[in-house]
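Notes follow once the structure below has been shown.
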Amino acid sequence: MQGPFFIKKVAVLGAGVMGAQIAAHCVNAGMETLLFDLASKEGNPNALIDKAIANLGKLKPAPLATVHTAALLQARNYEQHLADLSSCDLIIEAIAERLDWKEDLYKRISPFLSEHSILVSNTSGLSINSLCSVLPEVHRKNFCGVHFFNPPRYMHLAELIPAKTTDKDLVDNLETWLTRYLGKGVVRAKDTPNFIGNRIGVFSLLTTLHHAFAMEMGLDEVDALTGPLLGRPKSATFRTMDVVGLDTMQHVIHTMQQQLKDDPWHQCFNLPEWLSHLIQQGHLGQKTGQGIYRKNGKNIEVYDIKSGTYRPAQPTVNDELKVIMSDSDPASRMQKLITSNNKQAQFLAACFRDLFHYCAYHIEEIADNVRDVDLAIRWGFGWIQGPFETWQLAGLTLMTDYIKRAIEEQKSLGTAQLPQWLFKIDAFYTEKGAYSPQFGDYQPRSQLPVYKRQFFFDRVIKETAPPTPVIYENEGVRLWHLQDDVAVVSFKSKANTVGQSVLDGLDAAIETAEKQCRGLIIYQQDATNFCSGADLRGVLTLIKDNKMQALEEMIAQFQRVAMRLKYSSIPTVAALRGRALGGGCELMMHCDAVVAAFEAYPGLVEVGVGVIPAGGGCKEMAMRAAERAPKGDLMTVLQSYYQQIATGQVAASAAEAMQMGYLCDTDSYIMHADEVLYVALSKINLMHVENYLPPLKKQFPIAGIEGKARLQAGLVNWLEGGFISKHDYFIATELATVLCGGDLNQNTLVDENWMLQLERQAFINLAASPLTQARISHLLETGKPLRN
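Going by the UniProt record's numbering, 493 is the number at position 493 of the sequence shown; the sequence numbering is gapless.
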């Protein structure tokens with residue numbers, strides 16, 4: 001009988017930027033992780049690995065969960081420690097993309113692998129079967145490719161590429177492990193050059209390069225067109241190339257050039273002369289400080305192809321294209337792009353046309369179905385829609401006819417004919433699943449048990465989705481039924497902010513859930529944004545209209561809602577994903593429990609607009625300091641809480657949120673963001689199994705005027721040194737007053753209502769200040785904080 005699949009110890013071979021970051025993410029997930037590389041010839045044999053580990057703390061975005069996580073990585077070298085591989089469950093090879101180097105390494109490590117060792121290669125496009133052939137027969141069934149995208153902590157995609165000899169159960173188990181324990185979105189790819197993500201993504205980039213040059217468009221202009229305007233990252237095309245590294249792009253394109261000689265688009269697989277020139281000069285992008293873009297003082301400059309020099313970047317979208325892209329109907333929008341004489345519209349239409357053509361021609365070769373292509377591009381390149389999703393929404397017949405005409409008129413980049421299966425279907429996606437040209441039918445999503453832990457509410461094209469009957473709804477929130485008589489409340493406001501309609505809705509939702517349900521979960525369908533805090537426009541309107549009494553009543557209502565969550569007769573759980581700022585953090589903190597995704601970023605950031613947390617955030621942090629303080633020394637804990645609130649620090653991960661006190665020891669976090677709802681539901685069921693009762697209200701000690709004096713002592717030095725303004729000093733003093741419990745003596749016992757009253761008073765005092773009002777206005781107008 002086969003034992004359970006379990007990975008506890010991981011080795012990563014290769015301490016380069018990619019290997020070190022993969023190792024960092026394994027440690028983030030709680031895995032014992034060894035990081036291997038060459039031994040230094042002089043001094044400390046692990047010097048190279050130690051340097052790589054130290055460098056992890058300097059990288060942005062941060063690959064580590066907290067600043068202390070790096071200490072958990074264990075340095076190893078090939079000369080002294082290969083025997084340690086025998087105790088590892090999984091070995092991830094992540095050395096440079098040289099087939100001969102990888103083969104040599106496999107021969108070297110093979111004698112030290114146990115019969116059950118799993119070896120995977122992080123290659124971005126080399127043949128998995130070729131690599132597998134180097135291994136002894138006994139290890140071939142436990143070998144495959146796992147391609148992480150850079151940076152591996154943040155990029156959701158992991159391509160899983162079996163070799164011909166890979167054990168089928170191993171592939172299922174690895175997909176499950178990568179999904180649950182590393183939080184990845186797994187796509188199974190075939191063993192073809194560059195697999196799915198880079199094959200399609202890089203072709204899209206090459207198409208963009210071609211049409212930009214042919215239409216004499218500025219590189220900054222292209223980025224203005226191919227970023228958020230199309231539902232793609234802000235880095236768009238050329239900024240993305242700078243981030244990835246122009247030399248890395250050159251390598252990937254070279255791989256396509258060498259290994260895809262029979263591809264009908266082979267003539268496109270080359271870098272333009274101007275880009276090769278930049279690489280030859282050592283201008284490789286972000287890592288060298290200069291590439292397609294560079295910073296000149298405070299100004300951003302972009303490379304100008306015509307002049308061969310840099311000029312100020314001025315990304316522009318012309319008015320005609322803005323009107324076209326404002327059309328909310330995808331089919332109508334695409335029709336306008338195709339028929340417009342506007343150069344920018346023609347550029348986008350041509351890019352879509354050639355991308356769709358390439359995808360349709362190659363899908364049967366590289367992927368099992370259209371879903372795998374779309375997910376690879378969404379997860380690996382950050383697009384909101386994959387190519388086949390975009391095609392279907394834009395009109396399958398419309399685009400197919402457009403591509404066919406372009407081929408006939410020799411306007412397409414490729415001369416290959418469209419495959420016949422394309423003319424036999426009406427949609428790429430139906431309720432049956434995603435179309436597979438290979439099987440000539442629609443395939444449902446994977447039935448692996450791990451996916452039963454996920455709830456899919458954010459699909460661009462919905463194949464199937466669980467029914468979500470609405471229990472209550474107003475302008476601000478929707479309360480819907482999940483399962484097991486548990487309700488979920490989600491916000492409908494922009495950026496999930498908390499305004500009057502959300503407060504009214506939450507009040508009603510809690511009351512309704514208490515009457516009809518066994519539990520309540522706060523969950524947002526936007527995985528990046530749990531809640532951006534209070535609706536500042538509504539707050540500013542009340543201030544400008546001199547309705548300070550109404551503002552105070554609104555704050556009081558917010559506090560009542562938070563307290564209702566805390567003392568509800570049914571368990572309340574926050575299913576946290578993405579940002580939870582200000583009021584969003586406060587709502588989360590008042591739930592009985594929080595289930596956070598690893599990529600969760602809570603923080604009390606109100607000082608940035610000149611106020612302090614007043615929805616119970618200060619009160620909760622004061623209570624938590626009292627609970628965590630060793631032997632009653634409140635200031636050892638409260639000092640750090642005060643500093644992080646006064647400086648508006650946001651946790652960089654759920655693990656850091658634990659350290660910062662935004663999450664409690666009884667809260668939990670998981671690696672996969674789509675599993676938070678499942679775990680939150682399980683937590684509510686467990687609370688009922690354990691005979692849930694709401695918490696009892698209690699008093700707690702405060703730091704008092706003595707604590708406030710200690711906090712103010714540091715403030716005076718900052719003010720006199722010119723590090724903070726007088727208004728900053730005013731805000732920080734109000735914060736100190738509230739966190740320390742007002743003008744009472746140290747260790748006086750107070751209740752929550754006392755602290756909430758202090759919060760309201762401080763908030764109103766600050767809101768009445770013209771300087772605070774200026775900060776709120778400036779943030780709303782520019783999106784940037786103001787220091788006055």
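Each residue gets a CB set at the ideal place from its N, CA and C atoms; glycine is no exception.
Determine the extent of the beta strand (DSSP E) in which residue 705 is found, giving its start and end residues. For residue 705, no beta strand (DSSP E) segment is defined; the enclosing uninterrupted segment is the alpha helix (DSSP H) at 704-720.
C-beta contact flag for residue 351 and residue 240 at 7 Å: No, the pair does not count as a contact, with Cβ atoms beyond the cut-off.
What residue range is occupied by the uninterrupted beta strand (DSSP E) comprising residue 185? Residue range 185-188 is occupied by the beta strand (DSSP E) that includes residue 185.
Do you know whose CA, among 567, 58 and 155, lies nearest residue 147's CA? Answer by Cα proximity: 155.
Coarse secondary structure for residue 1, derived from DSSP in three states: Its pLDDT being 33, under 50, residue 1 is placed unreliably in this model, and the coordinates cannot settle the point.
Return the CA-CA distance between residue 591 and residue 504, expressed in angstroms with no decimal places. One C-alpha to the other measures close to 18 Å.
Cβ neighbour criterion (16 or more within 10 Å) applied to residue 783: Counting Cβ neighbours within 10 Å, residue 783 comes out exposed, since fewer than 16 surround it.
How should residue 675 be labelled, buried or exposed, when 16 other C-beta atoms within 10 angstroms of its C-beta is the threshold for buried? In summary, residue 675 is buried, with 16 or more beta-carbon neighbours lying within 10 Å of its beta-carbon over all protein chains present.
Looking only at its own chain, which residues have a Cβ that is under 8 Å from the Cβ of residue 752, when we skip the five neighbours before and after it? Counting only Cβ-Cβ distances below 8 Å, and skipping sequence neighbours, we find 563, 616, 619, 623 and 697.
Considering residue 211, what are the terminal residues of the alpha helix (DSSP H) in which it resides? Note, residue 211: alpha helix (DSSP H), 197-214.
Under 8 Å, with one C-beta from each stretch per pair, do the region 188-204 and the region 315-330 reach the 3-pair mark? Output reads no: the region 315-330 does not touch the region 188-204.
N- and C-terminal bounds of the beta strand (DSSP E) containing residue 583: In the DSSP assignment, residue 583 falls outside any beta strand (DSSP E) and lies within the alpha helix (DSSP H) extending over 583-589.
Short of 7 Å in beta carbon distance, which residues of its chain neighbour residue 606, apart from the five on each side in sequence? Order them along the chain. Around residue 606: 582, 612 and 613.
Would you check if there are 3 or more beta carbon pairs closer than 8 Å linking the region 524-544 to the region 488-503? Yes, they touch.
Take the Cβ of residue 791 as the centre, count every other Cβ of all protein chains shown within 10 Å, and call the residue buried at 16 or more, exposed below. One cannot answer for residue 791 here, as it falls past the ends of the chain, which runs 1 to 788.
Rounded to whole angstroms, how far is the Cβ of residue 470 from the Cβ of residue 509, which I believe are closer than 8 Å? Wrong, their Cβ atoms sit about 11 Å apart, outside the cutoff.
Environment of residue 749 [buried if 16+ CB atoms lie within 10 Å]: Residue 749 is exposed by the Cβ-count criterion.
If you follow the beta strand (DSSP E) that residue 143 is part of, which residue opens it and which one closes it? Start and end: 143-148.
Determine whether the beta carbon atoms of residue 236 and residue 248 lie at a separation below 7 Å. Annotated as distal: residue 236 and residue 248, with beta-carbon spacing of 7 Å or more.
Could you tell me how far apart the beta carbons of residue 286 and residue 243 are, in whole angstroms, since I believe they sit closer than 8 Å? Contact flag correct, Cβ pair sits at about 5 Å.
Count the CB pairs spanning the region 480-497 and the region 434-454 that are closer than 8 Å, and state whether there are at least three. In this structure the region 480-497 does not lie against the region 434-454, because fewer than three pairs of beta carbons, one per stretch, are closer than 8 Å.
Contacts around residue 711, its chain only, beta-carbon distance under 6 Å, and the 5 residues preceding and following it disregarded: Taken in chain order, the residues that qualify are 642 and 736.
Determine the closest residue to residue 746 out of 584, 708 and 754, with distance taken between C-alpha atoms. The option with the nearest alpha carbon to residue 746 is 708.
How long is the line joining the alpha carbons of residue 282 and residue 271, rounded to whole angstroms? Going by the C-alpha atoms only, they are around 15 Å apart.
Compute the beta-carbon to beta-carbon distance between residue 106 and residue 135, rounded to the nearest angstrom, for a pair I have assumed lies under 8 Å. At roughly 6 Å, the Cβ-Cβ gap stays under 8 Å, so residue 106 and residue 135 are in contact.
Continuous alpha helix (DSSP H) stretch holding residue 451: start and end: It is not in any alpha helix (DSSP H) - residue 451 carries neither H nor E in the DSSP assignment.
Confirm, please, whether the CB-CB distance from residue 596 to residue 678 is below 7 Å. Not closer than 7 Å, so no.
Tell me whether residue 53 is buried or exposed, calling it buried when 16 or more other Cβ atoms sit within 10 Å of its Cβ. When all chains shown are included, residue 53 counts as buried.
Rounded C-beta distance between residue 142 and residue 167? I'm assuming under 8 Å. Between residue 142 and residue 167, the beta carbon gap of about 7 Å places them in contact (Cβ cut-off 8 Å).
Are the beta-carbon atoms belonging to residue 49 and residue 37 less than 7 Å from one another? Result yes, Cβ atoms of residue 49 and residue 37 sit closer than 7 Å.
Tell me whether residue 642 sits in a helix, a strand or coil according to DSSP, three-state version. The answer is helix: DSSP assigns residue 642 an H, G or I state.
First and last residue of the uninterrupted alpha helix (DSSP H) at residue 33: Boundaries for residue 33: no alpha helix (DSSP H) harbours it, while the beta strand (DSSP E) harbouring it runs 32-37, taken from the DSSP string.
Rounded separation between residue 625 and residue 638 - CA only: Near 5 Å, if we compare the C-alpha coordinates of residue 638 and residue 625.
Check residue 100 in the structure and name its three-state DSSP category. Helix, per DSSP.
Closest to residue 157 by CA distance: which of 170, 122, 140 and 126 is it? Here the closest residue by C-alpha is 122.
Can you tell me whether residue 793 is helix, strand or coil according to DSSP? Nothing in the structure corresponds to residue 793, since the chain is present only between 1 and 788.
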